[in-house]
Every structure is written in C-alpha cells, then in structure tokens.
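To start, the structure itself, in structure tokens.
Chains as they are written, first to last, in my numbering: chain C, 116 to 330; chain B, 39 to 48.
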C-alpha cells in the first residue's frame, strides 16, 4: 500500500459517501444518472468476484463490501425509494446501457491477461469503469444545472483514478514485475474522460461562479 | 505473457 493508492481509495470512498449522503438527507437524486450508478454496481460486482475466495487483507475486504453496499443502495434509492425516485429524471437519463456494456465485454473477451472467467470479468470491470461515467456526464451536459454535491461527486470520482495513476507509476518503479498495462490504459482513458469536466470545475471554482458545462 | 496481475488493488 502506498500513499497514492490510500489517497485514491479514500477519495473514492468519500465520493460514494457524498452521493449517499446527498440522496439520503435531501431525499433527492436530481442530477444523478441512474445509468451510471447501475454501471458502477456492475463494475464492483464483476471486479470483486474474488471477495469470498481470495482473502487479501481486512482493509481490502471491508472496502470491497463498502463499495458494493453503497453502489447497490444508491441504485435501490433511485429505483425504489418512494420519495427519491420522484426526483429521478428518466427522460433525460437515456444513455443505453448496452452501448457501453457490450463493447467492454467484447473487448474483455479479446484483450485480457488470461482467458478464465474471473480474469475476463475482472478485465471487463476495468474497461467498464473507465466509461461508466459517460451517462452521468451526458446528463450534466443536458440538465446543465450542477448542484454542488453532484459536482463534488464527479470531481472526487475523477480524482480517485488520477491518484491511482500515480500509484501505478510508483509501483512500477518500486516493485519488480509490476506490469499491468491493461489496468494502466483503462485508468488513463478513464481519467482523460474527466479532463474536460475538471477544466470547467476548476474554472467555476477559480472564478467562484456556478459550474456550467457548455452545451 | 506477463505475470497474472495480483488483485490487491480495489
């Protein structure tokens, strides 16, 4: 474990807790894409298949349970909670799941480290996580109203993967045989997708104006 | 191919 990865995990943890807190306290999911949340639930499900088979550390297991629990409870809130669901904007959140899931699945079947079910699922989860934010970014472009919590959520989500890139660089230089080019490429693509959001987020923060994404 | 990536990361 290195500081970059710990900071990345904590940033990721805070991002999901910020979102859960928002939904739970104000009982609203305005501006949140259910599609993206469902994709994240799928990312964690396919990535943590080894949750009950390989024990790595208490930290690893606890964090996996938190990420699984939070992503599924966010989906539950938006789908099932009698108050929250009313604020879900299904007419605007229209990104088709299979436009993202199918290409990632095909890619995982073609490019992976080892052709086993768990390995292909793990690779699929990496590709999926890289693009899972797209429905959320599309929704933000459409609704154009980005409340603070949603802006912070997307920012923290992007920041966590950027910190992981520093972790991979660090591990590449400090650990022999640490070669994960699939992880690195997926992680870089993921962070680049946030780049324009980061730009507008910093602009709004610097000029102290409300965050507006160009149409 | 390279070693199977250890899955110690989240």
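No residue lacks a Cβ here, since even glycine has one placed at the ideal position from N, Cα and C.
According to the DSSP assignment, residue 188 (chain C) belongs to the alpha helix (DSSP H) that extends over 173 to 195. Exclusion of the five residues before and after residue 126 (chain C) leaves 271, 274, 275 and 278 as the residues of its chain whose Cβ lies within less than 7 angstroms of its Cβ. For residue 156 (chain C), the enclosing alpha helix (DSSP H) begins and ends at 149 to 162. One Cα belongs to residue 193 (chain C), the other to residue 203 (chain C), and the distance between them is close to 7 angstroms. For residue 224 (chain C) against residue 216 (chain C), the beta-carbon gap comes to about 13 angstroms, at or over 8 angstroms, which does not count as contact. Here DSSP, grouped into helix, strand and coil, assigns residue 247 (chain C) to coil. Interface flag for residue 119 (chain C) against chain B is unset, since no Cβ pair is found closer than 8 angstroms. At a cut-off of 8 angstroms between C-beta atoms, residue 167 (chain C) does not count as an interface residue with respect to chain B. Within chain B, the C-beta atoms nearer than 8 angstroms to that of residue 171 (chain C) come from 45 and 46, in chain order.
With fewer than 16 other CB atoms across the displayed protein chains lying within 10 angstroms of its CB, residue 167 (chain C) is exposed.
In the pairwise beta carbon analysis, the stretch 118 to 138 of chain C is classified as touching the stretch 280 to 295 of chain C: at least three pairs are separated by under 8 angstroms. Straight-line measurement puts the Cα of residue 177 (chain C) at about 27 angstroms from the Cα of residue 251 (chain C). With 16 or more neighbouring CB atoms inside 10 Å of its own CB, residue 301 (chain C) falls in the buried class. Contact check for residue 328 (chain C) and residue 259 (chain C): beta-carbon distance about 6 angstroms, within the 8 angstroms limit, so the pair qualifies. Per DSSP, residue 293 (chain C) lies in no alpha helix (DSSP H) and is assigned neither H nor E.
The C-beta of residue 237 (chain C) has 16 or more other C-beta atoms within 10 Å across all chains shown, which makes the residue buried. Under a criterion of Cβ atoms nearer than 8 angstroms, the residues of chain B adjacent to residue 175 (chain C) are, in order, 46 and 48.
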